[in-house]
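Take a look at the structure below.
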């Protein structure tokens with residue numbers, strides 16, 4: 017059997033392509049505030065439902081997972 021010419025795992029190559037940098041300056045779309053803590057959420061202001069910030073979303077998921 018001949019040895020492979022390329023390594024099985026190429027550790028030098030990044031596993032995730034680099035994302036483009038975010039544009040500098042203020043955001044153009046309005047962001048909704050979290051209904052629990054008032055911090056900015058990742059949801060647009062015109063989205064339906066109750067927007068939660070990432071921390072409150074995580075806490076809500078923990079409560080739901082432990083309620084069973």
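In this note's numbering, the protein residues as written are 17 to 84. Don't be surprised by glycine CBs; every beta carbon is placed ideally from N, CA and C.
For residue i, collect the residues of the same chain with a Cβ closer than 6 Å to its Cβ; drop the 5 residues on either side in sequence, then sort them by chain order.
i, result
"residue 46", "61"
"residue 55", "69"
Starting from residue i and walking both ways along the alpha helix (DSSP H), at which residues does that stretch end?
i, result
"residue 70", "70–81"
Can you name the start and end residues of the beta strand (DSSP E) that residue i belongs to?
i, result
"residue 62", "Here residue 62 belongs to no beta strand (DSSP E), and DSSP marks it neither H nor E."
"residue 51", "Element bounds for residue 51: n/a, residue is neither H nor E."
Going by other Cβ atoms of all chains shown within 10 Å of its Cβ, with 16 needed for buried, is residue i buried or exposed?
i, result
"residue 82", "exposed"
"residue 50", "buried"
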